[in-house]
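With the first letter of the sequence shown counted as 1, position 25 gets the number 25 in UniProt numbering; the numbers rise by one all the way through.
See structure below.
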Amino acid sequence: MSTEAADVVAPTLDPTWDLPAVPSVEAVRGGPLPPTLVLGKDKEEALHELGRWVRAEGLPDTADSELVKFIHSCDYDLEKAKKCARDFYKGRRDNPELFSGWDTALPNMQSIHDVVLCATLPRKTPENFRIMVTALKTSDTTNYVIADVCKSMLMSMEMLFLTEPTCAGIVVLHDLSKVTFSHFLKVAWSMPRKLQAYMEDGLPIKRETVHLLNCSPFVDNGLKLMRHIGRKEDWDRMRVHRAAGDYSELHKFVPVDCLPSDFGGSLPSLEELHDMTIRRMAAFKDIFRSRGLI
Numbered sequence: 001m002s003t004e005a006a007d008v009v010a011p012t013l014d015p016t017w018d019l020p021a022v023p024s025v026e027a028v029r030g031g032p033l034p035p036t037l038v039l040g041k042d043k044e045e046a047l048h049e050l051g052r053w054v055r056a057e058g059l060p061d062t063a064d065s066e067l068v069k070f071i072h073s074c075d076y077d078l079e080k081a082k083k084c085a086r087d088f089y090k091g092r093r094d095n096p097e098l099f100s101g102w103d104t105a106l107p108n109m110q111s112i113h114d115v116v117l118c119a120t121l122p123r124k125t126p127e128n129f130r131i132m133v134t135a136l137k138t139s140d141t142t143n144y145v146i147a148d149v150c151k152s153m154l155m156s157m158e159m160l161f162l163t164e165p166t167c168a169g170i171v172v173l174h175d176l177s178k179v180t181f182s183h184f185l186k187v188a189w190s191m192p193r194k195l196q197a198y199m200e201d202g203l204p205i206k207r208e209t210v211h212l213l214n215c216s217p218f219v220d221n222g223l224k225l226m227r228h229i230g231r232k233e234d235w236d237r238m239r240v241h242r243a244a245g246d247y248s249e250l251h252k253f254v255p256v257d258c259l260p261s262d263f264g265g266s267l268p269s270l271e272e273l274h275d276m277t278i279r280r281m282a283a284f285k286d287i288f289r290s291r292g293l294i
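Quick look at the structure:
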């Protein structure tokens, strides 16, 4: 691991937190499934069949440890897993500007992380869902660069499926309290269209629910503007919470001990969890480099 990554100091960890440690480069280079990951006979056969197909197609990664994320995210449906793997590699090939420069020390990444809070929360829900949160630090859109927002999001997703390939799914919380109409315009007109297929069909992570928090009346208009982005089933997963600062409805879906203090939870503040996530992201630098993402 690089000196920069090795110097990253982890925060004091609560023993009930379950975020996996940063793996070594060797651990993510491919190989057999780790002994801690046991699949049933039928699931193993589906995984091996996917491996045979990947090798026949000439796709990059053939090791079981790399392929399990595809087959698991598609509920061990072989044909769906094939499409996911194909779209995964196509999306990365078609968007080189988004799948490079994955270095938190770069000026553009430092700039976006000064504007956007992003946190992978260290305690899963009882259903084994990992929670991801985004929020804005400021309403100013000057340094809100959608390509860098996407890149940060992709880095977080990569860390998840590298360390938790059989996660039950993710729950995403977007705090929209500082969002302006200018943000919606930037997303609607600047979101790379080629990335859409990757996010919809090539991302090997199960997406459960997206909660949109602190939605003011104009946000509804902004959401209508963005309806052309994404599929109906993805929009159907969204839950809109309009009461500003009232998280009682959210608590019906996500336990308070899995939420930041900002949302009435018992975890540290979102800013602290953001800092922890960025430090963890920095510690993945050598892994990202080994995968051609630096």
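Every residue, glycine too, gets a C-beta built ideally from N, C-alpha and C.
Since the model is a prediction, treat every value here as computed from it, not as a measurement.
{"query": "N-terminal and C-terminal residue of the beta strand (DSSP E) that L213 is part of", "result": "207-213"}
{"query": "Neighbourhood of S290 by C-beta, 6 Å cutoff - its chain only, sequence neighbours within 5 removed", "result": "V25"}
{"query": "Same chain, Cβ closer than 6 Å to V219, neighbours up to 5 away in sequence not counted", "result": "L176"}
{"query": "Selected residue, minimal CA-CA separation from D18, among H113, D75, T120, K83", "result": "T120"}
{"query": "For C74, the three-state DSSP class (helix, strand or coil)", "result": "coil"}
{"query": "H174 to V54 span [Cα, whole Å]", "result": "35 Å"}
{"query": "CB of V172 within 8 Å of CB of K137, strictly", "result": "no"}
{"query": "Integer Cβ distance of K69 from F129, believed to fall under 8 Å", "result": "Not quite, the Cβ-Cβ distance comes to about 16 Å (not below 8 Å), so this is no contact."}
{"query": "Cα-Cα separation between D246 and R123, rounded to whole angstroms", "result": "22 Å"}
{"query": "Boundaries (first-last residue) of the beta strand (DSSP E) holding G169", "result": "169-175"}
{"query": "Endpoints, alpha helix (DSSP H) assigned at I131", "result": "Per DSSP, I131 belongs to no alpha helix (DSSP H); it is in the beta strand (DSSP E), 129-136."}
{"query": "DSSP-derived helix/strand/coil call for V179", "result": "coil"}
{"query": "Alpha-carbon to alpha-carbon, E66 and K83", "result": "15 Å"}
{"query": "Boundaries (first-last residue) of the beta strand (DSSP E) holding C150", "result": "C150 -> not in any beta strand (DSSP E); alpha helix (DSSP H) instead, spanning 146-163."}
{"query": "Among D103, E200, P217, the one whose alpha carbon lies nearest that of K232", "result": "E200"}
{"query": "V240 - containing alpha helix (DSSP H), residue span", "result": "Careful: V240 lies outside any alpha helix (DSSP H), inside the beta strand (DSSP E) at 238-240."}
{"query": "Own chain partners of T62 with C-beta closer than 7 Å, once the 5 adjacent residues on each side are dropped", "result": "G51, V54, R55"}
{"query": "C-alpha gap between S2 and K285, whole angstroms", "result": "Model confidence at S2 stands at a pLDDT of 41, short of 50, so the residue's coordinates are unreliable; what they give is reported in the following sentence. So the alpha carbons of these two residues sit roughly 8 Å apart."}
{"query": "Chain-order list of residues whose beta-carbon lies under 7 Å from that of T163 (same chain, five-residue window excluded)", "result": "P20, P23"}
{"query": "Cα-Cα separation, T277 to L117", "result": "10 Å"}
{"query": "Cβ shell of V210 (< 6 Å), same chain only, five flanking positions each side left out", "result": "V172, R237, M238"}
{"query": "Three-state secondary structure (DSSP) of A63", "result": "coil"}
{"query": "L213 to F288 span [Cα, whole Å]", "result": "32 Å"}
{"query": "Contact test: D234 Cβ vs the ligand SAM heavy atom, cutoff 7 Å", "result": "As presented, the structure is devoid of all ligands, the ligand SAM included, so that no description of it is given."}
{"query": "Assigned secondary structure, L117 (DSSP; H/G/I helix, E/B strand, else coil)", "result": "strand"}
{"query": "Three-way DSSP call (helix, strand, coil) for V8 in this model", "result": "Because V8 carries a pLDDT of 42, less than 50, the predicted location of this residue cannot be relied on, and no value is offered for it."}
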